[in-house]
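Visitor: Under the working numbering, the residues of the sequence shown are numbered 69 to 470, in order. Even glycine gets a Cβ: it sits at the ideal position worked out from N, Cα and C. This one's a predicted model, so the numbers in the text were calculated from it and none came from an experiment.
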Amino acid sequence: MSPRNPPGMASRLMLAQVLVLLASILTAGLVALLTGPPLFHQHLLEAGHTANSPETAHIEEAYRDTSVVSLGVALVLALAFAAAVTWYVTRRLQAPLEALTQAARQVSRGHLDTRVPASGAGIELDTLGAAFNLMANQLGQTEDTRRRLLSDLAHELRTPISTLKLYLEGLHDGVTTWDEDTERVMTEQTDRLVRLTEDIDEVSRAEEGRIALEQSPTAAADLIWSASQAKREAFAKRGVNLVADPGSGAGLVVDIDRRRLGQVLDNLLANALRHTPEGGTVTLLARRTGEEAEIVVADTGEGIPAEQLPHVFERFYRGDTARDRDRSGSGIGLTISRAIADAHGGGLTASSEGPGHGATFVVALPLSRVPPTDTQGPSRPNAENHPVPSRPRPRSGRRDGT
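#1: By alpha-carbon positions, which one of Leu-202, Val-322 and Thr-344 ends up nearest to Pro-423?
#2: Under the rule that 16 or more other beta-carbon atoms within 10 Å means buried, what is Asp-241, buried or exposed?
#3: What is the rounded straight-line gap between the Cα of Arg-160 and the Cα of Ala-96?
#4: So Thr-333 and Leu-402 are in contact, right, with Cβ under 8 Å, and what is the actual spacing, rounded?
#5: For the stretch 203 to 218 and the stretch 228 to 237, state whether three or more C-beta atom pairs, one from each stretch, are separated by less than 8 Å.
#6: Within its chain, find whatever has a CB closer than 6 Å to the CB of Asp-194; leave out the 5 residues flanking it on each side and keep chain order.
#7: Helix, strand or coil: which one does DSSP assign to Asp-247?
#8: Provide the residue(s) that pair with Thr-417 in DSSP beta bridges, ordered along the chain.
#9: Could you pull the start and end residues of the beta strand (DSSP E) that Ala-366 belongs to?
#10: Does the beta-carbon of Phe-149 have 16 or more other beta-carbons within 10 angstroms, so that it is buried, or is it exposed?
#11: When DSSP labels each residue in this structure, what does Ile-324 get in the three-state scheme?
#12: So who's on the other strand from Ser-284, going by DSSP bridges?
#13: I need the straight-line Cα distance from Pro-446 to Ser-296, nearest angstrom please.
#14: Please classify Ala-84: is it buried, with 16 or more other beta-carbons within 10 angstroms of its beta-carbon, or exposed?
#15: Mapping DSSP to helix, strand and coil, what is Gln-206?
#16: Between Ala-418 and Arg-183, what straight-line distance do the alpha-carbon atoms span, to the nearest angstrom?
#17: Identify the continuous alpha helix (DSSP H) that holds Leu-310 and give its terminal residues.
#18: Is the separation between the beta-carbon of Ser-420 and that of Ala-427 shorter than 7 Å?
#19: Determine the direct distance from the alpha carbon of Gly-140 to that of Met-82, and round the result to whole angstroms.
#20: Distance check for Ala-407 and Glu-251, CA to CA, integer angstroms please.
#21: Classify Val-380 as helix, strand or coil using the three-state DSSP reduction.
#22: Taking Arg-356 as the reference, which of Gly-347, Ala-151, Ser-436 and Arg-327 has the closest Cα?
#23: With a 10 Å radius around its C-beta and 16 neighbouring C-beta atoms as the bar for buried, classify Asn-339 as buried or exposed.
#24: Reducing DSSP to helix, strand and coil, say where Val-350 ends up.
#25: Checking the sheet assignment: what are the DSSP bridge partners for Thr-227?
#26: Would you check if there are 3 or more beta carbon pairs closer than 8 Å linking the stretch 348 to 366 to the stretch 298 to 314?
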């Protein structure tokens, strides 16, 4: 036997109003019964009527009958008005709720473009509809990201797998011999697959909050010095100027995992180098904003179009030709970097004025109130007086950033 359906909103609303009305009428009847007759009898006596006269009894009986009739008529009219109000309110509520129910069913069937129009039935229902639309929009974006992720992941895997398959078939058929070139190609493609799987695992752990951090107070100037030193040769080889100013972070101490933050800065500098042409400049500095220290990586490169800016931290996102030309990375370095920054209680943001105007990435980190731990190792020049050059100044007189 199937369970009975619960009563609808109109039935529950009508029942609630009937109960309220019955309680009100019962209360009024009890008050009238307990206080009305004694007061009325007292007034009759004060008006000159005798206590046990037939006239007094007749008047008191008329009073009681009138009270009962009045309360009965009031109850009937109140029930009628309650029914009318219930019908009106129910109609006003049912339409937007039914629309919301239908929209939820459509979303559950995969129609993520379904939206609920504003009903005007009240701020509560309008807020509920707006929340539903926001949820549907986010679900749609998540689904788009998932599809792009699967497509890009398949594309990332296809190239090394195809190359390995081709060489294996060549070795099997005797067309290709095992020499240094074959070994190099096989090793490169295998390393690429290994790096891709490691990156996917790392970004998953980062976004799920499973990154283990070994935090210690660290001077921001030391971070800038270390990051610039690690990338100096790469910038020199590409002919891009690296302007690193450790002095800008003087006095700023952050509580971080130095290795992880080094990974973030390495990713940001590599990204800036990838998108900055020869002769361009990449600036690395630190600054204080309120209770946070900000490490800024700004370049004079290609810039980021406005429509691509919201997606730069998505997995495998590639929105420009520079990334297409450089296939050495897995396309999730910025995703990992933002997740690491978030794990430190900070954040990573990107901004750009558009194509040709460069891009700026800002890592925000909470300031530490504990003195920095000296883990730098080799000494470095005074941060305030010796910014880090990207490469030695050439004798030809060409101007390079320092």
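Guide: Looking at the coordinates:
#1: Taking the first residue of the sequence shown as 1, we reach residue 423 at position 355. Of the listed residues, the one whose Cα sits closest to Pro-423 is Thr-344.
#2: The sequence position of residue 241 within the sequence shown is 173, counting from 1. Asp-241 comes out exposed.
#3: For the purposes of this step, residue 160 is identified with residue 92 of the sequence shown, where counting begins at 1. For the purposes of this step, residue 96 is identified with residue 28 of the sequence shown, where counting begins at 1. Within the model, the alpha-carbon separation for Arg-160 versus Ala-96 is close to 32 Å.
#4: Looking up residue 333 in the sequence shown gives position 265. Looking up residue 402 in the sequence shown gives position 334. Checking the sequence shown, residue 333 turns out to be Leu, not Thr. Wrong, their Cβ atoms sit about 12 Å apart, outside the cutoff.
#5: Not touching, per the Cβ criterion.
#6: To locate residue 194, count along the sequence shown from 1; it is residue 126. Listed in chain order, the non-local C-beta contacts of Asp-194 below 6 Å within the same chain comprise Ala-186, local neighbours out to five positions each way being set aside.
#7: Numbered from its first residue, the sequence shown carries residue 247 at position 179. Here Asp-247 sits in coil by DSSP.
#8: Residue numbering aside, residue 417 sits at position 349 when the sequence shown is read from its first letter. Among the bridge pairs identified by DSSP, Thr-417 is matched with Val-430.
#9: As a first step, residue 366 is located in the sequence shown; it is residue number 298 there, counting from the start. Looking at the DSSP string, the run of the beta strand (DSSP E) that includes Ala-366 is 360 to 367.
#10: Counting from 1 along the sequence shown, the entry for residue 149 is found at position 81. A residue is called buried once 16 or more other Cβ atoms fall within 10 Å of its Cβ, and Phe-149, having fewer, is exposed.
#11: For the purposes of this step, residue 324 is identified with residue 256 of the sequence shown, where counting begins at 1. Reduced to three states, the DSSP call for Ile-324 is strand.
#12: Taking the first residue of the sequence shown as position 1, residue 284 is located at position 216. Looking at the DSSP output, Ser-284 shares a beta bridge with Ile-324.
#13: Translated into positions along the sequence shown, residue 446 becomes position 378. Translated into positions along the sequence shown, residue 296 becomes position 228. Note on Pro-446: pLDDT 41, under 50, position unreliable in the model; no value is reported.
#14: One-based indexing of the sequence shown puts residue 84 at position 16. The C-beta of Ala-84 has fewer than 16 other C-beta atoms within 10 Å across all chains shown, which makes the residue exposed.
#15: Here residue 206 refers to the residue found at position 138 when the sequence shown is read from its first residue. Reduced to three states, the DSSP call for Gln-206 is helix.
#16: Along the sequence shown, one-based indexing puts residue 418 at 350. Along the sequence shown, one-based indexing puts residue 183 at 115. If I take the Cα positions, the gap works out to 30 Å.
#17: Locating residue 310 in the sequence shown gives position 242, where the first residue counts as 1. Not the alpha helix (DSSP H): Leu-310 falls in the beta strand (DSSP E), residues 309 to 312.
#18: The sequence position of residue 420 within the sequence shown is 352, counting from 1. The sequence position of residue 427 within the sequence shown is 359, counting from 1. It is a contact, given that the beta carbons lie within the stated cut-off.
#19: Taking the sequence shown and counting its residues from 1, one reaches residue 82 at position 14. Taking the sequence shown and counting its residues from 1, one reaches residue 140 at position 72. Their backbone Cα atoms lie some 19 Å apart in a straight line.
#20: Within the sequence shown, residue 251 is the residue found at index 183, counting from 1. Within the sequence shown, residue 407 is the residue found at index 339, counting from 1. Rounded to the nearest angstrom, the two C-alpha atoms are 36 Å apart.
#21: On the sequence shown, position 312 is the one that residue 380 refers to. Looking at Val-380 - three-state DSSP - the assignment turns out to be coil, as it is neither helix nor strand.
#22: By 1-based counting over the sequence shown, the position of residue 356 is 288. Among Gly-347, Ala-151, Ser-436 and Arg-327, the Cα nearest to that of Arg-356 belongs to Ser-436.
#23: Working through the sequence shown from its first residue, we reach residue 339 at position 271. The residue in question, Asn-339, is buried, as its Cβ has 16 or more Cβ neighbours within 10 Å.
#24: What you label residue 350 is simply residue 282 of the sequence shown in a count that begins at 1. Strand, per DSSP.
#25: Locating residue 227 in the sequence shown gives position 159, counting from the first residue. Thr-227 is not bridged to any residue.
#26: Touching, yes.
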